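Residue numbers (this note's numbering): 5 to 483. Accompanying notes for the structure given below.
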Amino acid sequence: MPWELLGGLGCVGLALATGLLLVTKGPAGLLMLVILGLVVLAVVMPRHFLILLLVIGTVFEPQAIDVTKPISLFFWKFPGYIARALPLTLSPYEILLLFGATSLLVRPGTRIQAAAVPKLIWAVPVVILLGWAYGLQKGAPSNLVYNESRGLLFGVLAFIVVMRFGPGWGKSLSRAVWWGGTGLAIVTLIRYYTLTRGGVSEVPLEFAYAHESAMFFGMAFIYATLRFLGSGSKRERFLLVLFNLLVLAAMLATGRRAATLVLMIGVLVIGWQLFPRRPIMVAAIAIPMMAMGAVYLAVFWNQEYGAIAQPARAIRSQISPSARDLSSDEYRTTERYNVTKTIEVNKIFGVGFGNPFISFQPLPPLDDFWPLQLYTPHQNILWLWLKMGIIGISVFLGTWVLAMKRCLIAIREAPKKGPLPILPVTLACSLLMYLSYARIDQALVSTRGMAPLAVVCALAFLLPANKPSSPAQPDAPAR
């Protein structure tokens, strides 16, 4: 059946369903109508549907506490009676993602080229399943095994979708960065000025903003900065400056020290990669920034509160942490000690998914806000070892190294006199930022955090693996 005809039938069915739901269910039927509309979009235009899901997942955090909470609950949490009826823990967002990916993958299209994907990549789902098997063998509940690892599983799904359909996602993903980054920044600032700034919220600041949102802000800032450096249009540069100011303000509002440090890493990577190509431009930007940074640190070094003081606080906390930061550092130090000691008990297999790390030193209970407190530590790199053993962490870090290698090759082979290699530099920055963030905070656990990383890795592997060979020259004619 042609897709156009199927789409037409879907629109007719949607119109009939609208009237039926409004008559039988009243206003509540409108929510069901939204789901039906998304399902039709997934069937008719799956690629647009998946991009829309990426934007929605970026803008609306799973644990939103502001005016967006109803929308957050709609996409990230089923009502109790539905959740209990499902055999596995799933969110509406994940079901829609499954539906859209299936709709896209069953269509005729290009296959994944084996040459584009290193063989190590195929070991990723294998080590996840081994972590499942070991966790179940150690007595972990099956639903908990799945629940803890589902972010990795949906990351694999996102990777397959992007790899199969190739680099044609470029423009759509670029729009997703603009819309997703703008929407998330606006929502974050609304939450800051209405709840967290005035201390109105009863939720601790640590849980007022999703951990992975800081990563999204950093990636959006880096991409916009590279677009600014490579753009010749004054109008575009003006809009990019406004976008970065909005994103930077939202990042500061979250109050996460790790966000500031990771953003600094991204900026340093830009300078490192672009200096051989544009030394004067990099120096002209870096020197004033260093001077302004020194003045800024001198002014805000001793200020502990306020969004504008967050970068200074993040840097100072590495040298002389305040009482507020010291409490967080002590928790993470104790948590890291417990995780490393648990890994030492079984370095080969870890504990498997669904099993907690051992509390050699007690941690304050945070179950009300963090049900998986003893399962998903802040140190997400160690979490990979904890759950999948030495083989699992080796496979994941090996995948990261291979993706980074593709980016560096693409940057090296780009003509030095040509346009800036925006895509490979953005991907390289994102990979380094994700790795740095995962060392100290949660970046790999949730579907919302893993899907963008999977997209970054897939786009990296779609870059050329080797220097393009020059066309063969015809033999010189004999004389």
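Glycine included, each C-beta is placed from N, C-alpha and C at the ideal position. Model, not experiment: these values are computed from the prediction.
Pop quiz: LEU466 and GLY170 are said to be a contact at Cβ under 8 Å. What is the actual Cβ separation, rounded to whole angstroms? 6 Å
Just mark GLN314 as buried or exposed, buried being the case when its beta carbon has 16 or more other beta carbons within 10 Å. buried
For PRO481, which of helix, strand or coil comes out of DSSP? Its pLDDT being 41, under 50, PRO481 is placed unreliably by the model, and the measurement read from it follows with that caveat. Annotated three-state conformation of PRO481 is coil, per DSSP.
So what does DSSP say about SER235, is it helix, strand or coil? Looking at SER235 - three-state DSSP - the assignment turns out to be coil, as it is neither helix nor strand.
What residue does the alpha helix (DSSP H) around SER363 start on, and which one ends it? Neither: SER363 is in no alpha helix (DSSP H) and is coded neither H nor E.
Rank GLY259, LEU100 and SER176 by C-alpha distance to the C-alpha of ARG195 and give the top, closest one. GLY259
C-beta contact flag for GLY159 and PHE357 at 8 Å: no
Separation of ALA218 from TRP276, as counted between CA atoms: 22 Å
With a 10 Å radius around its C-beta and 16 neighbouring C-beta atoms as the bar for buried, classify THR430 as buried or exposed. That one is buried.
Simplified DSSP state of ASP333, which is helix, strand or coil: helix
Check whether the Cβ atoms of VAL487 and ILE69 lie closer than 8 Å to each other. It is not possible to answer for residue 487, since the shown part of the chain is limited to 5 through 483.
Under the criterion of a Cβ to heavy atom distance below 7 Å, does PHE79 qualify as lining the ligand SAH? As for the ligand SAH, it is missing from this structure, which has no ligand bound.
CA-to-CA distance, ALA469 to PRO475, given in whole angstroms: No answer about PRO475 holds up, because its pLDDT of 43 lies below 50 and its placement is not dependable.
Could you spell out where the alpha helix (DSSP H) holding TYR97 opens and where it closes? 96-109
Run through the segment 160-195 for me and flag every whole alpha helix (DSSP H) of 4 or more residues, listed as ranges in chain order. 174-195
May I ask you to verify whether the segment 247-256 touches the segment 185-195, counting CB pairs closer than 8 Å and requiring at least 3? yes
At which residues does the alpha helix (DSSP H) containing HIS382 begin and terminate? Looking at the DSSP string, HIS382 is not in any alpha helix (DSSP H), and its letter there is neither H nor E.
What are the start and end residues of the alpha helix (DSSP H) that includes GLN141? 127-141
Give the C-beta separation of MET437 and GLY270 to the nearest angstrom, bearing in mind that I take them to be a contact with Cβ-Cβ under 8 Å. 5 Å
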